[in-house]
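Under the UniProt record's numbering, read the sequence shown as residues 1 to 200, first letter to last.
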Amino acid sequence: MREIVLDTETTGFEPSEGHRIVEIGAVELFNHMPTGRTYHQYINPERPMPKEAFDVHGLGDDFLRDKPLFQHIGQAFLDFVGDARLVIHNAAFDMKFLNFELGRAKLRTLPFDQALDTVGLARKKFPGSPASLDALCRRFGVDNSAREKHGALLDSEILAEVYLELIGGRQPDFGLSTAAQNARDDAGPAQVWRPRPRPA
């Protein structure tokens, strides 16, 4: 079974208020194992970045100015996703933004039932306990030390590890990528994630 663990960064909370996606990061799993394929794209939101959002992810106007518009990358994103199940932390938020952007670009939208929400999964497994990504990293001993600010590719890789714990245990040698830790590079959307062995 093919799954895509996905995260976005945005300019705010509501696309209906003019907020836009500025980064998409995704990791491919097959039968709960990493394939090494990732999707990573920065996007020009065509609007100024609010300070509150900049403080979360550190993506500013100068950095995003020369990045492609969503309508120029939307089809490549859909091609990467295909009909795979989407694994997303707080899926309603990301799906709302993705479908807004896809609709605006006159591309097919993603059915909500294609997404699995790991927040709901965590709350079902650990009722009453915190379900944030950081809290789940602490619970499962997932290393998130590179997460000084939110980043879509890094967060999707961390979420992939958390997701595997939620469904029954992390796979061996499933680690964070160098590419995500250096996510300010200007590489194109097609990157290869090479899992590295964990320290003994």
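Idealized CB from N, CA, C, for every residue including glycine.
Would you mind stating whether GLU23 and TYR39 have Cβ atoms separated by less than 8 Å?
Going by C-beta atoms, GLU23 is not nearer than 8 Å to TYR39.
Skipping 5 residues on each side, what residues in its chain have a beta carbon closer than 6 Å to that of PHE165?
Before going on, a small fix: residue 165 reads as Glu here, not Phe. Result list for GLU165: PHE140, in chain order.
Using C-beta distances below 6 Å, list every residue in its chain close to GLY25, excluding the 5 sequence neighbours before and after it, in chain order.
Only ASP7, HIS40, ALA152, LEU153, SER156 meet the Cβ criterion.
Whole angstroms is fine: what's the gap from GLU46's alpha carbon to ASP61's?
Going from the Cα of GLU46 to the Cα of ASP61 covers about 9 Å.
Between LYS149 and the rest of its own chain, which residues show a CB-CB distance below 6 Å, the 5 nearest in sequence each way excluded?
Excluding sequence neighbours, LYS149 sits near HIS57, GLY58.
Can you check the region 3 to 82 for any beta strand (DSSP E) of at least 3 residues that lies completely inside it and give the ranges in chain order?
Here the runs fully enclosed are 21 to 30, 33 to 42.
Excluding the 5 residues flanking LEU78 on each side, which residues of the same chain have their C-beta closer than 7 Å to its C-beta?
Once the five neighbours on either side are set aside, the close Cβ partners of LEU78 are LEU107, ARG108.
For VAL5 versus VAL87, is the C-beta spacing smaller than 8 Å?
Yes.
Can the beta-carbon of LEU98 be found less than 8 Å from the beta-carbon of LEU116?
Not in contact: LEU98 and LEU116 (Cβ atoms no closer than 8 Å).
How many angstroms separate the CA atom of GLU3 from the CA atom of ASN44?
Cα-Cα distance, rounded: 27 Å.
Is it right to say ARG65 is buried, meaning 16 or more other beta carbons lie within 10 angstroms of its own, or is it exposed?
Counting Cβ neighbours within 10 Å, ARG65 comes out exposed, since fewer than 16 surround it.
Per DSSP, which one or two residues make a beta bridge with ASP117?
Answer is ILE88, bridged to ASP117.
Nearest CA to the CA of LEU29: which residue from ALA53, ALA76, HIS19, ALA84?
Nearest C-alpha to LEU29: ALA84.
Based on Cα-Cα distance, which residue from ARG20, MET1, LYS124, PRO130 lies nearest to LEU102?
The option with the nearest alpha carbon to LEU102 is ARG20.
Whole angstroms are fine: how far does the CA of PRO130 sit from the CA of PHE100?
About 29 Å.
So which of GLY169, VAL162, PHE93 has the shortest CA-CA distance to VAL27?
That would be VAL162, whose Cα lies nearest to the Cα of VAL27.
Name the two residues that bound the continuous alpha helix (DSSP H) containing GLY154.
Sequence inspection shows Leu at residue 154; the Gly mentioned does not correspond to that position. Note, LEU154: alpha helix (DSSP H), 152 to 166.
Just curious, the alpha helix (DSSP H) that ALA131 is in, first and last residue?
First-last for ALA131: undefined, no H or E at that position.
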